[in-house]
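Student: Got a structure for you, written out below as structure tokens; questions coming shortly.
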Amino acid sequence: QIVGKSILVVEDSTFTDNRAIGTNAFGSVLFNYGNANCHISDSNFTSNSAAKGGTICNYNGNLEVLRSTFNNNYAPNGAVIFDNGGSVSLTGSSFNANNATKGGVLYNQNNGRISISGSSFSTNFAVDEGSVLHIINGNVNITTSKFKNNKADSGAIYNNGNVFLTSSEFINNTGTVEHIVKDDKEA
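To get this note's numbering, take the position in the sequence shown, counting from 1, and add 1225.
If you want it as structure tokens, here you go:
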């Protein structure tokens, strides 16, 4: 657990088969809390699981991920990252075959700020909402990223916040309600 104004730097590391056990267990690898700063680069995360954020829980913290890979992670909410009101930056990273009920890669709530650039999302799955992203009252900017072969009831992105897409590709994503991006925000 990283708390307060602490800083954690993770470089060139591998995290495999970690488990956070319990119905309220957060982030099997990392719990970044309250203005803490975590910088991850050139690392691999495989087959990790928790109740919220299979790999990472970012709770009002600052999380930066560069050139890292996340494969086969699981959580009911946010198979890779569960974000509650924090700041998350994902750059040049790949997310493959992650599985959740909501948010096959990332579950965001409470005005979290998400920035995604130059990243790829492939064969991620969510039972209900957002095979890649599940956004509740958050702000998301996505540029030059690729979403391919992701599947959920509501499509690749479930949005009840603000999502801005620029120069990104959506290829063969499926949702039973027939949309790639589901926007539940009222006008």
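Virtual Cβ for every residue (Gly too), placed ideally from N, Cα, C.
1. Assuming the contact rule is C-beta atoms closer than 8 Å, serine 1345 and threonine 1316 should be a hit. Round their C-beta distance to whole Å, please.
2. What did DSSP end up calling valine 1267 once you bin it into helix, strand or coil?
3. If asparagine 1262 sits next to asparagine 1287, beta carbons under 8 Å apart, how far is it from one beta carbon to the other, in whole angstroms?
4. Who are threonine 1239's beta bridge partners in DSSP?
5. Please say whether glycine 1252 and glycine 1278 have beta carbons closer to each other than 8 Å?
6. Which partner residues of alanine 1351 appear in the DSSP bridge assignment?
7. According to DSSP, is asparagine 1276 helix, strand or coil?
8. Quick check: alanine 1381 and phenylalanine 1372, are their CB atoms within less than 8 Å of each other?
9. So what's serine 1356 in DSSP terms, helix, strand or just coil?
10. In whole angstroms, what separates the C-alpha of asparagine 1323 from that of phenylalanine 1295?
11. If we count the other Cβ atoms within 10 Å of its Cβ and call it buried at 16 or more, is glutamine 1334 buried or exposed?
12. Residues in its own chain within less than 6 Å of serine 1347 by CB, not counting five upstream and five downstream?
13. How about phenylalanine 1307 and phenylalanine 1270: are their beta carbons less than 8 Å apart?
14. Express the C-alpha separation of alanine 1377 and isoleucine 1360 in angstroms, rounding to a whole number.
15. Put serine 1253 into one of helix, strand or coil per three-state DSSP.
16. Which one of Asp1267, Tyr1284 and Asp1237 has the shortest CA to CA distance from leucine 1255?
Tutor: Based on what the coordinates show:
1. 12 Å between Cβ atoms; not a contact.
2. Strictly speaking, residue 1267 in this sequence is aspartate, with valine absent from that position. Coil, per DSSP.
3. 5 Å
4. Beta-bridge pairing links threonine 1239 to Asn1269.
5. yes
6. Ala1325 and Ala1377
7. Just to set this straight, residue 1276 is alanine in the shown sequence, not asparagine. The answer is coil: DSSP assigns alanine 1276 none of H, G, I, E or B.
8. yes
9. Here serine 1356 sits in coil by DSSP.
10. 8 Å
11. buried
12. Asn1321, Lys1373 and Asn1374
13. no
14. Approximately 14 Å between the Cα atoms of the pair.
15. coil
16. Tyr1284
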